[in-house]
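Sequential numbering of the sequence shown, starting at 1, is according to full-length UniProt numbering. Contents: one structure, followed by commentary.
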Amino acid sequence: MFENVSKLQLTLSFVMVFIGFSQAFSNWGEKRTLSLFFLTSSILVLILAIIALIDYRKRQISKD
Numbered sequence: 001m002f003e004n005v006s007k008l009q010l011t012l013s014f015v016m017v018f019i020g021f022s023q024a025f026s027n028w029g030e031k032r033t034l035s036l037f038f039l040t041s042s043i044l045v046l047i048l049a050i051i052a053l054i055d056y057r058k059r060q061i062s063k064d
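Structural data, given as structure tokens:
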């Protein structure tokens with residue numbers, strides 16, 4: 001699943017997670033449902049990005 005992930009895609013995924021967390025934080029007061037959506041989706045994307053980063057590192061080590 002993560003064999004064709006590039007360094008740019010990994011960087012963009014972490015930026016997207018940061019944007020999601022900041023949206024969840026800024027909407028927390030008035031739009032609680034929307035902020036919970038941003039929070040849960042950002043956590044899910046963060047977990048997938050960490051798995052992709054681990055897989056990317058393993059591929060880099062095995063190339064050397």
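Quick reminder that beta carbons are idealized off the backbone N, C-alpha and C, glycines included.
query: Where V15 falls, given that 16 or more other Cβ within 10 Å makes a residue buried; result: exposed
query: Three-state secondary structure assigned by DSSP to G29; result: coil
query: Distance CB(A52)-CB(V5) smaller than 8 angstroms; result: yes
query: Local Cβ density within 10 Å of residue 67, reported as buried at 16 or more and exposed below that; result: In this structure the chain extends from 1 to 64, so residue 67 is not present and cannot be described.
query: Among S22, R57 and I54, nearest to L39 - alpha-carbon criterion; result: S22
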